[in-house]
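This report concerns only the one structure given below.
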Amino acid sequence: GENVEQHPSTLSVQEGDSAVIKCTYSDSASNYFPWYKQELGKRPQLIIDIRSNVGEKKDQRIAVTLNKTAKHFSLHITETQPEDSAVYFCAARVPLGGNNDMRFGAGTRLTVKP
Amino acid sequence: EPEVTQTPSHQVTQMGQEVILRCVPISNHLYFYWYRQILGQKVEFLVSFYNNEISEKSEIFDDQFSVERPDGSNFTLKIRSTKLEDSAMYFCASSEQSGRAREQYFGPGTRLTVT
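Chains as they are written, first to last, in this note's numbering: chain D, 10 to 123; chain R, 9 to 123.
Printed below as a string of structure tokens:
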């Protein structure tokens, strides 16, 4: 099955700096890669996603890049703010016969220091 | 904006008891999921459900777990005989039917505590 690895497990940056979180996946059939932000005690919230036919996607301060050959994708947050502090999870989905289950990375705890 | 809802928000039960966690997916969604997140750990896939049957289940989803869509709106997860290690946050999610990849929307979760 699909295996998603995520690094780093913790990341601390100064406000205004950029943060990069990286994930690798194992199944080349994976075609959808969402990123979720989870604040303490709350549900995972989708913040950005990318499909396998796209190499890069940007939404204001957040961008995601995908390298299908290397089977890795990254989340980039620019001009970080204290409210960006949360746990970020990457995920990959393998479309097996119409199924849509996802496999998550272990998460990255991002701390943005004011 | 429509949201996935879950009840209860917190369930405390004794080991060996049965629990039913309830979810109301977004109304036009046809794929439903349950995930588990043990405190401080990653989100783990349990099961996906489509067209009134299980599409796929993980190794975690053993015989003590079952899912049901008893009516047109609810989607339930039953744990037959709870164990201490079942203590976790359980998230329900739903997505639209589509031939293309679609986003999964998560509910707020049910915190299950087994004592």
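Note that CB positions come from ideal geometry on N, CA and C, so glycine has one too.
The structure displayed is predicted, hence computed values, not measured ones.
Taking Cβ positions only, does residue i come closer than 8 Å to chain D?
i                : result
Phe99 (chain R)  : yes
Glu111 (chain R) : yes
Note down, in chain order, every chain D residue with its Cβ under 7 Å from the Cβ of residue i.
i               : result
Val51 (chain R) : Pro53, Phe98 and Phe113
Among the options, which has the Cα closest to the Cα of residue i?
i                : options                                : result
Lys67 (chain D)  : D:Ile86, D:Leu55 and D:Lys51           : D:Ile86
Lys122 (chain D) : D:Ser94, D:Asn76, D:Leu84 and D:Asp36  : D:Ser94
Ser18 (chain D)  : D:Ile30, D:Ala100, D:Gly10 and D:Gly25 : D:Ile30
Arg60 (chain D)  : D:Gly10, D:Val73 and D:Gln23           : D:Val73
Glu91 (chain D)  : D:Gly10, D:Asn12 and D:Val22           : First, the amino acid is wrong: residue 91 (chain D) is Pro here, not Glu. Minimum Cα distance to Pro91 (chain D) is reached at D:Val22.
Ser102 (chain R) : R:Gln72, R:Asn60 and R:Tyr41           : R:Tyr41
Arg118 (chain D) : R:Leu29, R:Glu67 and R:Gln49           : R:Gln49
Arg70 (chain D)  : D:Lys77, D:Asn76, D:Lys80 and D:Ile57  : D:Ile57
Thr121 (chain R) : R:Asn59, R:Thr13, R:Gln14 and R:Met23  : R:Met23
Ala101 (chain D) : D:Gly50, D:Leu20, D:Ala79 and D:Trp44  : D:Trp44
Thr8 (chain R)   : R:Gln25, R:Phe69 and R:Asn82           : Lying before the first or after the last residue shown, residue 8 (chain R) is absent from chain R, which here runs from 9 to 123.
Ile87 (chain R)  : R:Gln14, R:Val32, R:Val75 and R:Phe114 : R:Val75
Phe83 (chain R)  : R:Val32, R:Asn59 and R:Glu104          : R:Val32
Gln112 (chain R) : D:Thr120, D:Leu20 and D:Phe42          : D:Phe42
Find the residues of chain D that neighbour residue i, judging by a C-beta separation of less than 9 Å, and give them in chain order.
i                : result
Pro116 (chain R) : Lys51 and Arg52
Report, in whole angstroms, the separation of the C-beta atoms of residue i and residue j, which I expect to be a contact under 8 Å.
i                : j                : result
Gln124 (chain D) : Gly114 (chain D) : This structure gives no information on residue 124 (chain D), because the portion of chain D shown stretches from 10 to 123.
Pro10 (chain R)  : Ser35 (chain R)  : 6 Å
Ile62 (chain R)  : Val55 (chain R)  : 6 Å
Phe99 (chain R)  : Arg52 (chain D)  : 6 Å
Ser35 (chain D)  : Glu11 (chain D)  : 6 Å
Gln45 (chain R)  : Met97 (chain R)  : 5 Å
Gly25 (chain D)  : Thr89 (chain D)  : 7 Å
Gln14 (chain R)  : Thr118 (chain R) : 5 Å
His37 (chain R)  : Glu104 (chain R) : 5 Å
Examine chain R for any beta-carbon lying closer than 8 Å to the beta-carbon of residue i, and answer yes or no.
i                : result
Pro43 (chain D)  : yes
Gly116 (chain D) : yes
Tyr34 (chain D)  : no
Residues of chain R with CB closer than 7 Å to the CB of residue i, please, in chain order.
i               : result
Asp58 (chain D) : Glu111
So, does the CB of residue i fall closer than 8 Å to a CB anywhere in chain C?
i               : result
Leu49 (chain D) : Absent here is chain C; the protein component of the structure consists of chains D and R.
Which runs of the beta strand (DSSP E) at least 3 residues long sit entirely within the stretch 92-123 of chain R? Give them in chain order. Counting whole runs of 3 or more residues, the stretch 92-123 of chain R contains the beta strand (DSSP E) stretches 96-103 and 118-122.
Completely contained beta strand (DSSP E) runs for the stretch 17-66 of chain D, where each covers 3 or more residues: Listed in chain order, the complete beta strand (DSSP E) runs (minimum 3 residues) inside the stretch 17-66 of chain D are 19-23, 28-34, 41-47 and 54-60.
Which ranges does the alpha helix (DSSP H) cover as unbroken runs of at least 4 residues, wholly within the stretch 51-87 of chain R, from first to last along the chain? You should have found no qualifying run.
Segments assigned beta strand (DSSP E), at least 3 residues, entirely inside the stretch 67-117 of chain D: Counting whole runs of 3 or more residues, the stretch 67-117 of chain D contains the beta strand (DSSP E) stretches 71-76, 81-86, 95-102 and 111-113.
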